[in-house]
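> Following this message is one structure expressed as structure tokens.
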Ligand code: 13P
Ligand code: SF4
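In the working numbering, the protein residues as written are 190 to 592.
As structure tokens, then:
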């Protein structure tokens, strides 16, 4: 996988077998791609949308709490009670038991985690059910169970601890909980992984190979040769029993299609274009990009680092474009550039727009809960075990955890 210079060949994105459905239309109950909106969406051209969203939010008062992920559109962020990365938003969902409704402006796996962490009397709403995540879709529970069978046959399952990135379905979080593992986010992956290596000899890291590799090699000092990539589309993951026995990190072959676009050339090019620039990237980027960057961190860390930087400094940021554009606006005394020349929004995050938010809020005002995200009790129980293991890690602040 790695050449003598330690560079890692980028694994090309898997062809996506499922096309995105049109905004709010069409139905595919077997995946996160979307279902019909059971009502009429306001027209995006309606000039009264902002006023309608404000009126509906005011009418709901404390009964609604709106969470906004950093990658959401400006028009949606304007109505968020709190913004944050996936870890902060999970904490915030749990910290607002007074709200009957949590409206999650983010993607499906985040809303599932919010449902798991909130009380049974609270209802979580995702304004557009087509807001899934292509990375989460790269690991299906049946594939993960097959992988575990392969590890059992190789005689390594007993010494392997599964760690799943927050960006995974509730079913995979539950699998992780059942097998003694934990969830991690990009802000605590190092601590989760260090904990896992105290529990066992190997880690099965799901579903983002890049976050897993970056954390193991950059933060924990493992070598690239300690890592193997399990390809769910190949028999036995494309690995021999010997490779599985030798490996310490078994990385699932998944990636983020947004962060996977940044290349080492982007870093070289921006350094030439902006002398003295500091390159800061999200750990979902490829290892060879992260290696060339100056700072690596979750979306919260990227915001905190740039906000605290001296006026006049220049930054090239490798993460989703909505966030980078807001960073540039919030820091007019600094030069903020996007790491890639090509525009790169997260298409599924962008599914949540003002018409969907207005529709969800006005439906709640009318007494109808639309697009509720509800995880079945058994899955929720075991997923929560994995989430609680993360929240209990030293240095990871604990959220209120209602039953
Ligand atoms: P964080 O919110 O944990 O930084 O992750 C970024 C992301 O890709 C969310 O989907
Ligand atoms: Fe998924 Fe990447 Fe979009 Fe995050 S940015 S929701 S990981 S596709």
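Glycine is no exception: its CB is placed at the ideal position from the N, C-alpha and C atoms. None of the values given here were measured: they were computed from a predicted structure.
Just to be sure I understand the criterion: a residue counts if its Cβ is closer than 5 Å to at least one heavy atom of ligand 1. Which residues meet that?
274, 275, 374, 375, 487 and 488
> Going by beta carbon distance, what residues of the same chain come within less than 8 Å of residue 584, once the five residues before and after it are set aside?
The residue you call residue 584 lines up with position 395 of the chain shown. Excluding positions up to five away in sequence, the list reads 377 and 380.
> Taking the alpha-carbon positions, what's the residue 570 to residue 365 distance?
Here residue 570 corresponds to residue number 381 of the chain shown, with the count starting at 1. Here residue 365 corresponds to residue number 176 of the chain shown, with the count starting at 1. C-alpha separation (whole angstroms): 12 Å.
> Can residue 528 and residue 292 be called in contact, C-beta distance under 9 Å?
Translated into positions along the chain shown, residue 528 becomes position 339. Translated into positions along the chain shown, residue 292 becomes position 103. Against a cut-off of 9 Å, the Cβ pair of residue 292 and residue 528 comes out as no contact.
> Relative to ligand 2, is the shortest distance from any of its heavy atoms to the C-beta of residue 448 smaller than 8 Å?
On the chain shown, position 259 is the one that residue 448 refers to. For residue 448, the distance from the CB to the nearest heavy atom of ligand 2 is below 8 Å.
> Go through its chain and collect everything with a Cβ distance to residue 212's Cβ below 6 Å, but skip five positions before and after it.
As a position in the chain shown, residue 212 is number 23, starting the count at 1. Bear in mind that a pLDDT of 42 at residue 212, under 50, signals an unreliable position, so the model cannot answer this.
> When the distance is taken between beta carbons, is residue 382 closer than 9 Å to residue 409?
As a position in the chain shown, residue 409 is number 220, starting the count at 1. As a position in the chain shown, residue 382 is number 193, starting the count at 1. Yes, the Cβ-Cβ distance between residue 409 and residue 382 is below 9 Å.
> Given 8 Å as the limit, tell me if residue 260 has its C-beta closer than that to any heavy atom belonging to ligand 2.
Residue mapping note: residue 260 aligns to position 71 of the chain shown, counting from 1. Residue 260 Cβ: within cutoff of ligand 2.
> Mark residue 511 as exposed unless 16 or more other C-beta atoms lie within 10 angstroms of its C-beta, in which case mark it buried.
Your numbering for residue 511 matches position 322 in the chain shown. Residue 511 should be labelled buried.
> Just to confirm, are residue 404 and residue 472 a CB contact at a threshold of 9 Å?
Taking the first residue of the chain shown as 1, we reach residue 404 at position 215. Taking the first residue of the chain shown as 1, we reach residue 472 at position 283. Their beta carbons are under 9 Å apart, which means residue 404 touches residue 472 by this criterion.
> Closer than 8 Å: is that where the CB of residue 474 sits relative to any heavy atom of ligand 2?
Within the chain shown, residue 474 is the residue found at index 285, counting from 1. Incorrect: residue 474 has no Cβ contact closer than 8 Å to ligand 2.
> Reducing DSSP to helix, strand and coil, say where residue 545 ends up.
Translated into the one-based positions of the chain shown, residue 545 becomes position 356. DSSP places residue 545 in helix when its eight states are reduced to three.
> In three-state terms, what does DSSP make of residue 463?
As a first step, residue 463 is located in the chain shown; it is residue number 274 there, counting from the start. In this structure, residue 463 counts as coil in the three-state DSSP scheme.
> Consult DSSP for residue 489 and reduce its assignment to one of helix, strand or coil.
Counted from its first residue, the chain shown places residue 489 at position 300. Residue 489 carries a helical assignment under DSSP once its states are collapsed to helix, strand and coil.
> In the DSSP assignment, find the unbroken beta strand (DSSP E) run with residue 273 in it and report its ends.
For the purposes of this step, residue 273 is identified with residue 84 of the chain shown, where counting begins at 1. Taken as a continuous stretch (DSSP letters only), the beta strand (DSSP E) holding residue 273 covers 271-273.
> Can you name the start and end residues of the alpha helix (DSSP H) that residue 516 belongs to?
As a working mapping, residue 516 is identified with position 327 in the chain shown. Element bounds for residue 516: 510-519.
> Starting from the Cα of residue 624, find the closest Cα among 390, 371, 532 and 337 and give me that residue.
Outside the shown range of the chain, which is 190 to 592, sits residue 624, and nothing can be said about it.
> Quick check on this structure: which residue in 342, 251, 563 and 326 has the alpha carbon closest to the alpha carbon of residue 424?
Here residue 424 refers to the residue found at position 235 of the chain shown. Checked all of 342, 251, 563 and 326; the closest Cα to residue 424 is 342.
> Apply the 10 Å Cβ neighbour rule to residue 536 and answer buried if 16 or more other Cβ atoms are within range, or exposed otherwise.
Counted from its first residue, the chain shown places residue 536 at position 347. The residue in question, residue 536, is exposed, as its Cβ has fewer than 16 Cβ neighbours within 10 Å.
> Are there any heavy atoms of ligand 2 lying less than 8 Å away from the beta-carbon of residue 552, as far as the coordinates show?
On the chain shown, position 363 is the one that residue 552 refers to. The answer is no for residue 552.
> To the nearest angstrom, how far is the alpha carbon of residue 415 from that of residue 392?
For the purposes of this step, residue 415 is taken as residue 226 along the chain shown, with counting starting at 1. For the purposes of this step, residue 392 is taken as residue 203 along the chain shown, with counting starting at 1. In a straight line, the C-alpha of residue 415 is about 11 Å away from that of residue 392.
> What are the boundary residues of the alpha helix (DSSP H) that includes residue 246?
The residue labelled residue 246 in the question sits at position 57 within the chain shown. Here the alpha helix (DSSP H) through residue 246 covers 238-249.
> Looking at ligand 2, does it come within less than 8 Å of residue 319, judged from the CB to the closest heavy atom?
One-based indexing of the chain shown puts residue 319 at position 130. No, since every heavy atom of ligand 2 falls outside the 8 Å radius drawn around the Cβ of residue 319.
> Checking the sheet assignment: what are the DSSP bridge partners for residue 507?
Mapped onto the chain shown, residue 507 falls at position 318. In the DSSP output, where bridge partners are listed per residue, residue 507 has 470.
> Let me check you understand the geometry: is the CB of residue 509 closer than 8 Å to at least one non-hydrogen atom of ligand 2?
For this step, residue 509 is matched to residue 320 along the chain shown. The answer is yes for residue 509.
> Taking only three categories from DSSP, how would you classify residue 476?
In the chain shown, residue 476 corresponds to position 287, counting from 1. Residue 476 falls in the helix class under three-state DSSP.
> Could you check if residue 356 is buried or exposed, using at least 16 other CB atoms within 10 Å of its CB as the buried criterion?
For the purposes of this step, residue 356 is taken as the residue at position 167 of the chain shown. Buried is the call here.
> Between the region 329-344 and the region 535-549, do at least 3 Cβ pairs fall closer than 8 Å?
no
> Just list the residues that DSSP pairs residue 418 with in beta bridges.
Indexing the chain shown from 1 puts residue 418 at position 229. DSSP output for residue 418 lists 440 as bridge partner(s).
> If you follow the beta strand (DSSP E) that residue 445 is in, where does it begin and where does it stop?
Working through the chain shown from its first residue, we reach residue 445 at position 256. Taken as a continuous stretch (DSSP letters only), residue 445 belongs to no beta strand (DSSP E), as it is neither H nor E.
> Less than 9 Å separating the beta-carbons of residue 397 and residue 417?
For the purposes of this step, residue 397 is identified with residue 208 of the chain shown, where counting begins at 1. For the purposes of this step, residue 417 is identified with residue 228 of the chain shown, where counting begins at 1. Against a cut-off of 9 Å, the Cβ pair of residue 417 and residue 397 comes out as no contact.
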